[in-house]
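K.L.:
Number of protein chains: 2
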Amino acid sequence: MTNATTNPATTYNSGKGEGEPVGIAILGYGTVGSQVLRLMLENAEAFEHRSGGPLEVKGVAVSSVDKHAGSLADQKGLLTTDARALIDRDDVDIVVEVIGGIDYPRELVLNALRNGKSVVTANKALVAAHSAELAEAADAAGVDLYFEAAVAAAIPVVGPLRRSLAGDQVQSVAGIVNGTTNFILDAMDSTGASYDDMLAEATRLGYAEADPTADVEGYDAASKAAILASLAFHTRVTADDVHREGISSITAEDIEAAKQSGNTIKLLAICERLVDDQGNESISARVHPTLISRSHPLASVDKSFNAVFIEAEAAGRLMFYGNGAGGNPTASAVLGDIVGAARNKVFGGRAPGESTYANLPIADFGDVPTRYHIDMEVEDRIGVLALLTQIFANHSISLRTVRQEEKDGHARLIFVTHTARERDLAATVEEVKGLVPVKAIKSVIRLAAQ
Amino acid sequence: MTNATTNPATTYNSGKGEGEPVGIAILGYGTVGSQVLRLMLENAEAFEHRSGGPLEVKGVAVSSVDKHAGSLADQKGLLTTDARALIDRDDVDIVVEVIGGIDYPRELVLNALRNGKSVVTANKALVAAHSAELAEAADAAGVDLYFEAAVAAAIPVVGPLRRSLAGDQVQSVAGIVNGTTNFILDAMDSTGASYDDMLAEATRLGYAEADPTADVEGYDAASKAAILASLAFHTRVTADDVHREGISSITAEDIEAAKQSGNTIKLLAICERLVDDQGNESISARVHPTLISRSHPLASVDKSFNAVFIEAEAAGRLMFYGNGAGGNPTASAVLGDIVGAARNKVFGGRAPGESTYANLPIADFGDVPTRYHIDMEVEDRIGVLALLTQIFANHSISLRTVRQEEKDGHARLIFVTHTARERDLAATVEEVKGLVPVKAIKSVIRLAAQ
Numbered sequence: 001m002t003n004a005t006t007n008p009a010t011t012y013n014s015g016k017g018e019g020e021p022v023g024i025a026i027l028g029y030g031t032v033g034s035q036v037l038r039l040m041l042e043n044a045e046a047f048e049h050r051s052g053g054p055l056e057v058k059g060v061a062v063s064s065v066d067k068h069a070g071s072l073a074d075q076k077g078l079l080t081t082d083a084r085a086l087i088d089r090d091d092v093d094i095v096v097e098v099i100g101g102i103d104y105p106r107e108l109v110l111n112a113l114r115n116g117k118s119v120v121t122a123n124k125a126l127v128a129a130h131s132a133e134l135a136e137a138a139d140a141a142g143v144d145l146y147f148e149a150a151v152a153a154a155i156p157v158v159g160p161l162r163r164s165l166a167g168d169q170v171q172s173v174a175g176i177v178n179g180t181t182n183f184i185l186d187a188m189d190s191t192g193a194s195y196d197d198m199l200a201e202a203t204r205l206g207y208a209e210a211d212p213t214a215d216v217e218g219y220d221a222a223s224k225a226a227i228l229a230s231l232a233f234h235t236r237v238t239a240d241d242v243h244r245e246g247i248s249s250i251t252a253e254d255i256e257a258a259k260q261s262g263n264t265i266k267l268l269a270i271c272e273r274l275v276d277d278q279g280n281e282s283i284s285a286r287v288h289p290t291l292i293s294r295s296h297p298l299a300s301v302d303k304s305f306n307a308v309f310i311e312a313e314a315a316g317r318l319m320f321y322g323n324g325a326g327g328n329p330t331a332s333a334v335l336g337d338i339v340g341a342a343r344n345k346v347f348g349g350r351a352p353g354e355s356t357y358a359n360l361p362i363a364d365f366g367d368v369p370t371r372y373h374i375d376m377e378v379e380d381r382i383g384v385l386a387l388l389t390q391i392f393a394n395h396s397i398s399l400r401t402v403r404q405e406e407k408d409g410h411a412r413l414i415f416v417t418h419t420a421r422e423r424d425l426a427a428t429v430e431e432v433k434g435l436v437p438v439k440a441i442k443s444v445i446r447l448a449a450q
Numbered sequence: 001m002t003n004a005t006t007n008p009a010t011t012y013n014s015g016k017g018e019g020e021p022v023g024i025a026i027l028g029y030g031t032v033g034s035q036v037l038r039l040m041l042e043n044a045e046a047f048e049h050r051s052g053g054p055l056e057v058k059g060v061a062v063s064s065v066d067k068h069a070g071s072l073a074d075q076k077g078l079l080t081t082d083a084r085a086l087i088d089r090d091d092v093d094i095v096v097e098v099i100g101g102i103d104y105p106r107e108l109v110l111n112a113l114r115n116g117k118s119v120v121t122a123n124k125a126l127v128a129a130h131s132a133e134l135a136e137a138a139d140a141a142g143v144d145l146y147f148e149a150a151v152a153a154a155i156p157v158v159g160p161l162r163r164s165l166a167g168d169q170v171q172s173v174a175g176i177v178n179g180t181t182n183f184i185l186d187a188m189d190s191t192g193a194s195y196d197d198m199l200a201e202a203t204r205l206g207y208a209e210a211d212p213t214a215d216v217e218g219y220d221a222a223s224k225a226a227i228l229a230s231l232a233f234h235t236r237v238t239a240d241d242v243h244r245e246g247i248s249s250i251t252a253e254d255i256e257a258a259k260q261s262g263n264t265i266k267l268l269a270i271c272e273r274l275v276d277d278q279g280n281e282s283i284s285a286r287v288h289p290t291l292i293s294r295s296h297p298l299a300s301v302d303k304s305f306n307a308v309f310i311e312a313e314a315a316g317r318l319m320f321y322g323n324g325a326g327g328n329p330t331a332s333a334v335l336g337d338i339v340g341a342a343r344n345k346v347f348g349g350r351a352p353g354e355s356t357y358a359n360l361p362i363a364d365f366g367d368v369p370t371r372y373h374i375d376m377e378v379e380d381r382i383g384v385l386a387l388l389t390q391i392f393a394n395h396s397i398s399l400r401t402v403r404q405e406e407k408d409g410h411a412r413l414i415f416v417t418h419t420a421r422e423r424d425l426a427a428t429v430e431e432v433k434g435l436v437p438v439k440a441i442k443s444v445i446r447l448a449a450q
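Respectively, the protein sequence lines represent chains A and B.
For the first sequence, UniProt numbering gives the first residue as 1, with consecutive numbering after it.
For the second sequence, UniProt numbering gives the first residue as 1, with consecutive numbering after it.
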């Protein structure tokens with residue numbers, strides 16, 4: 001099966017000798033790592049056919065061998081606490097990183113890449129924080145860095161963006177990429193319950209962690225937004241470039257109001273290509289609660305499911321839907337990447353790596369075009385509506401709809417704006433807040449682009 | 001960029017010389033071919049970055065140069081009527097077949113593969129009819145055969161099945177893979193109009209061809225089912241192996257009855273892995289109108305959109321949705337394949353080829369487990385229901401629901417069965433048909449698996 005006479009000076013992938021197995025090191029043996037090992041051993045024949053040669057797991061690195069006594073990895077004599085030595089073994093060709101965290105896996109992954117091992121990782125935080133460093137190490141060594149599982153687990157998103165849409169131009173990506181927050185928002189929507197109650201329910205059912213901050217405040221989604229934007233727009237985007245708002249301030253009233261207007265609220269990771277009046281391109285990557293029509297394909301994504309909606313110049317609208325978390329779905333994505341990396345070890349060739357040629361500027365969040373849905377309580381007297389609409393006009397914001405309702409001696413006003421600069425919308429809300437006749441701003445939620 | 005010292009005896013991909021362009025020949029210049037050329041020329045810089053080297057279109061083969069006078073291909077001096085000579089040019093590395101038909105493109109594609117050119121085709125009929133011959137020619141020459149556009153155009157389905165799910169085990173694939181029939185069924189559903197009227201509407205709007213047989217009788221979907229089943233189950237499946245029924249017998253009453261029971265009717269391409277009582281595996285590939293719940297993700301796929309729903313062991317449920325036809329969406333998929341083929345020409349390496357190692361038997365359609373929804377008119381007298389339910393029992397078919405309604409002195413009976421062998425269900429309907437108290441079988445439609 002080997003197809004290249006190696007020349008160390010110029011060769012990226014040497015190709016394995018005929019029939020020689022591709023060696024795999026698994027770093028981490030939690031819910032994902034244990035499923036990866038199980039499936040690789042159970043379906044060894046299938047893996048051999050798909051990879052072009054046999055695969056062999058050489059070891060599984062863990063922090064404590066005792067903790068995994070009796071496990072499959074233990075039975076097969078694969079456990080080791082020395083991750084570095086495992087990576088450095090000559091018969092290891094591919095390193096699978098499913099530890100989690102950032103600093104320790106970063107060190108191991110860089111070590112692996114620099115030693116000529118291809119890497120498969122499921123670690124979104126690592127990829128979002130250090131993609132440039134990792135990509136450069138992979139390029140320098142001529143090996144592959146795969147991370148399909150880092151975004152939306154089993155849903156193929158990285159592959160389609162890197163490969164299937166490689167000849168197209170992506171305009172926008174909007175994704176429900178965090179299952180915990182989608183579970184909470186969906187449960188609030190279907191039961192009318194409060195955020196706190198549904199967070200507690202999510203925790204009870206294992207959808208939320210003991211400290212849910214990374215999920216509910218949008219940090220996890222921001223990492224994925226950074227990865228999606230990098231892939232879609234051929235530009236380096238890190239999690240720090242992503243504007244981030246979580247869902248902890250969403251109330252049962254917000255959800256109810258959304259329902260009444262035929263909408264629902266989702267935490268979306270939005271990546272957009274922007275073009276200003278002079279034709280200059282920039283990109284925006286942001287995570288925030290977003291009001292979307294119930295007829296939008298993303299609205300029906302319920303429970304902890306994930307979905308990614310892509311608009312591309314030639315392809316038009318595409319959506320990918322499925323399980324965005326969990327041991328088995330994540331393992332599925334990791335296994336697909338292992339086969340890809342193994343094929344390149346057997347046949348030579350390289351996976352598409354980091355692509356940054358477009359190198360587009362990242363727009364300041366204040367300059368991003370957004371639309372607002374503003375729900376407020378005002379004094380019920382003549383002139384208030386005129387006063388408020390004048391303030392919108394002063395900020396060059398045109399209104400799409402205004403709805404007024406009587407409520408307990410107050411008036412409730414719901415404004416939906418046309419698209420305007422985020423900065424101007426925010427300034428408008430700030431100014432309106434300070435007005436005497438305005439009793440309370442009940443909620444301010446952005447709407448999805450039309 | 002070259003990374004392999006070539007050895008004609010053992011080398012599949014030699015890699016191009018540094019900076020030497022990858023030569024592309026486009027066969028066919030209709031709606032797809034013209035968009036492929038336009039996008040390649042407009043986005044040349046992007047293609048170079050994504051492919052690892054520059055791409056250059058060497059020629060566009062057409063049946064008549066005059067017919068395309070003044071076109072972009074003409075302006076660039078690319079048109080030729082000699083497809084064979086174009087393919088044989090030494091500087092052509094990749095042949096893009098977007099002609100359509102079977103016999104002529106088959107000859108050209110085989111010629112290209114045998115001459116060491118990788119092939120990208122959008123031709124589902126060709127791939128479904130001759131996949132084995134094409135795959136063998138590609139393997140013998142060590143080149144790539146790509147056909148993402150052959151199934152559901154811009155929606156990445158072939159890539160995910162070949163790559164992303166390569167480490168998983170697919171249990172079933174159910175797809176809306178024909179836009180014409182989905183347009184007609186969706187229009188019948190939303191307007192209540194007849195099949196004939198909505199077919200006429202589809203023709204008027206350009207969704208149906210003058211002779212709509214290939215679409216409405218399910219031949220197009222059957223080709224795609226064969227391709228999907230081959231990929232999902234690592235087994236050779238041709239269009240002839242696919243049980244096929246079209247939508248021309250679906251009536252407005254069928255659609256209305258489906259609505260009343262919370263369902264809708266879709267033409268589905270269904271590919272399933274079956275396991276009998278002895279644990280023996282087989283596969284089924286079939287195309288027929290199918291009753292699905294309105295809450296099923298496929299139910300909301302409207303207009304001419306396509307969607308493919310996959311269930312895999314580890315990944316769970318996945319759905320891919322988007323434009324399944326049209327010049328631009330098809331070109332998007334073709335371009336992604338061109339980048340993949342070009343990368344392998346630049347870096348060496350091979351795309352996943354045909355995988356047939358599982359070689360599962362194809363189940364006889366009569367043995368396939370299905371469920372029926374049967375709507376009939378019977379005489380309104382005592383004993384008829386008892387007689388009918390006895391016949392179901394005689395065929396070992398258990399009933400899930402029975403609904404009886406009075407209607408103009410007749411009784412209407414709607415049976416929904418549990419899963420049973422197709423053969424037994426068909427025999428039951430045949431026996432019931434002949435009974436004196438049965439006035440008419442209004443419709444028999446299969447239900448999606450639970």
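Beta carbons are placed, not taken as given, at the ideal position from N, Cα and C, and that holds for glycine.
All values reported here derive from a predicted model rather than from experimental measurement.
1. Near residue 318 (chain A), which residues of its chain fall below 6 Å by C-beta distance, leaving aside the five closest residues on each side in sequence?
2. What is the rounded straight-line gap between the Cα of residue 7 (chain B) and the Cα of residue 239 (chain A)?
3. Taking the beta strand (DSSP E) that residue 281 (chain B) belongs to, which residues open and close that run?
4. Nearest to residue 230 (chain B) by CA position, among B:127, B:290, B:327, B:193, is which residue?
5. For residue 154 (chain A), name the three-state secondary structure that DSSP assigns.
6. Can you find the residues in the same chain that come closer than 6 Å, C-beta to C-beta, to residue 398 (chain A), ignoring five residues on each side of it along the sequence?
7. Can you tell me whether DSSP reads residue 184 (chain A) as helix, strand or coil?
8. Under 8 Å Cβ-Cβ, which residues of chain A neighbour residue 72 (chain B)?
9. By the three-class DSSP mapping on this structure, what secondary structure does residue 224 (chain A) have?
10. Mind the definition here: the stretch 437-449 of chain A touches the stretch 359-379 of chain A only if three or more C-beta pairs lie below 8 Å; say whether that holds.
11. Who are the near neighbours of residue 115 (chain B) in its chain, counting only those whose CB is closer than 8 Å to its CB and skipping five residues on each side?
12. Helix or strand or just coil, what does DSSP make of residue 49 (chain B)?
13. Using the C-alpha atoms, what's the distance from residue 280 (chain B) back to residue 37 (chain A)?
14. Can the beta-carbon of residue 80 (chain B) be found closer than 8 Å to that of residue 59 (chain B)?
15. What's the call for residue 146 (chain A), buried or exposed, on a 16-neighbour Cβ count within 10 Å?
16. Taking beta-carbon pairs under 7 Å, can you tell me which members of the stretch 299-319 of chain B lie near chain A?
17. Please name the residue, chosen from B:261, B:424, B:204, B:179, that lies closest to residue 214 (chain B) on a Cα-to-Cα basis.
18. Cβ atoms of residue 96 (chain A) and residue 109 (chain A): under 8 Å apart, would you say?
19. If you measure beta-carbon to beta-carbon, which residues of the stretch 238-265 of chain B are closer than 9 Å to chain A?
20. Just to confirm the assignment, what range does the beta strand (DSSP E) spanning residue 306 (chain B) have?
21. Quick one: which chain B residues come within Cβ less than 8 Å of residue 322 (chain A)?
22. Just to confirm my understanding: we take residue 439 (chain A), look at its own chain, exclude 5 residues before and 5 after, and list those with CB closer than 8 Å. What are they?
23. Taking only the alpha-carbon atoms, compute the straight-line gap between residue 368 (chain A) and residue 425 (chain A) and give it to the nearest angstrom.
24. Mind checking whether residue 23 (chain B) and residue 74 (chain B) have CB atoms under 8 Å apart?
25. For a quick check, are the C-beta atoms of residue 163 (chain A) and residue 53 (chain B) less than 8 Å apart?
26. Take residue 10 (chain A) and list the residues in its own chain whose beta-carbon comes closer than 7 Å to its own, dropping the five residues that flank it on each side.
27. Where do the ends of the beta strand (DSSP E) carrying residue 391 (chain A) lie?
28. Can you tell me whether residue 131 (chain B) is buried or exposed, with buried defined as 16 or more other CB within 10 angstroms of its CB?
29. Pick out whichever of B:194, B:216, B:275, B:396 has its Cα sitting closest to the Cα of residue 244 (chain B).
30. Under 8 Å by Cβ, that's how I've got residue 28 (chain B) and residue 98 (chain B) pegged, so tell me the actual separation to the nearest angstrom.
31. Who are the near neighbours of residue 392 (chain A) in its chain, counting only those whose CB is closer than 8 Å to its CB and skipping five residues on each side?
32. For a quick check, are the C-beta atoms of residue 34 (chain A) and residue 167 (chain B) less than 8 Å apart?
33. Rounded to whole angstroms, what is the Cα-Cα separation between residue 260 (chain A) and residue 176 (chain A)?
34. Mind checking whether residue 348 (chain B) and residue 348 (chain A) have CB atoms under 8 Å apart?
35. Classify residue 357 (chain B) as buried or exposed, calling it buried when 16 or more other Cβ atoms lie within 10 Å of its own Cβ.
36. Using 10 angstroms around the beta-carbon of residue 211 (chain B), count the other beta-carbons present and answer buried if the total reaches 16, otherwise exposed.
P.N.:
According to the structure shown:
1. For residue 318 (chain A), where only same-chain residues beyond five positions count, the Cβ hits under 6 Å are 310.
2. Residue placement at residue 7 (chain B) cannot be trusted, given a pLDDT of 32 that sits under 50; the coordinates are not used to answer.
3. Run containing residue 281 (chain B): 281-293, per the beta strand (DSSP E) assignment.
4. Out of B:127, B:290, B:327, B:193, the CA that lies nearest to the CA of residue 230 (chain B) is found in B:127.
5. Shown here, residue 154 (chain A) sits in coil according to DSSP, grouped into three states, outside any helix or strand.
6. Around residue 398 (chain A): 418.
7. Taken through DSSP and simplified to helix, strand or coil, residue 184 (chain A) comes out as helix.
8. Result: empty, since nearest Cβ-Cβ is about 15 Å, beyond 8 Å.
9. Helix at residue 224 (chain A).
10. By the criterion of at least three beta-carbon pairs nearer than 8 Å, the stretch 437-449 of chain A is in contact with the stretch 359-379 of chain A.
11. When the five nearest sequence neighbours on each side are left out, the beta carbons in the same chain lying within less than 8 Å of the beta carbon of residue 115 (chain B) are those of 87, 88, 141, in order along the chain.
12. Three-state result, residue 49 (chain B): helix.
13. Rounded to the nearest angstrom, the two C-alpha atoms are 26 Å apart.
14. Judged by beta-carbon spacing, residue 59 (chain B) lies within the 8 Å limit of residue 80 (chain B), meaning their Cβ atoms are closer than that value.
15. Taking all protein chains in view, the Cβ of residue 146 (chain A) is crowded by 16 or more other Cβ atoms within 10 Å, so the residue is classified as buried.
16. Listed by position, the residues of the stretch 299-319 of chain B near chain A (Cβ gap below 7 Å) are 300, 312, 314, 315, 316, 317, 318, 319.
17. With distances taken between Cα atoms, residue 214 (chain B) lies closest to B:179.
18. The Cβ atoms of residue 109 (chain A) and residue 96 (chain A) lie no closer than 8 Å to each other.
19. Listed by position along the chain: nothing, the set is empty.
20. First-last of the beta strand (DSSP E) with residue 306 (chain B): 305-312.
21. What residue 322 (chain A) touches in chain B: 315, 316, 317, 318, 319.
22. Excluding sequence neighbours, residue 439 (chain A) sits near 376, 377, 378, 379, 410.
23. If I take the Cα positions, the gap works out to 11 Å.
24. No, Cβ-Cβ distance for residue 23 (chain B) and residue 74 (chain B) is not below 8 Å.
25. Taking 8 Å as the cut-off, the Cβ atoms of residue 163 (chain A) and residue 53 (chain B) do not count as close.
26. Note that residue 10 (chain A) has pLDDT 32, beneath the 50 cutoff, so the model's placement of it is unreliable and no number is given.
27. Residue 391 (chain A): not part of any beta strand (DSSP E); member of the alpha helix (DSSP H) spanning 384-394, first to last residue.
28. Under a 10 Å Cβ-count criterion, residue 131 (chain B) is classified as buried, with 16 or more other Cβ atoms of the shown protein chains found around its own Cβ.
29. If you compare the alpha carbons of B:194, B:216, B:275, B:396 with that of residue 244 (chain B), the shortest gap goes to B:216.
30. Taking 8 Å as the upper bound for CB-CB distance, residue 28 (chain B) and residue 98 (chain B) are in contact here, some 4 Å apart.
31. Answer for residue 392 (chain A): 398, 399, 415, 417, 428, listed in chain order.
32. Against a cut-off of 8 Å, the Cβ pair of residue 167 (chain B) and residue 34 (chain A) comes out as no contact.
33. So the alpha carbons of these two residues sit roughly 22 Å apart.
34. Contact flag set, yes.
35. Answer is exposed; the Cβ neighbour count stays below 16.
36. Looking at its Cβ environment, which holds fewer than 16 other Cβ atoms inside 10 Å, residue 211 (chain B) is exposed.
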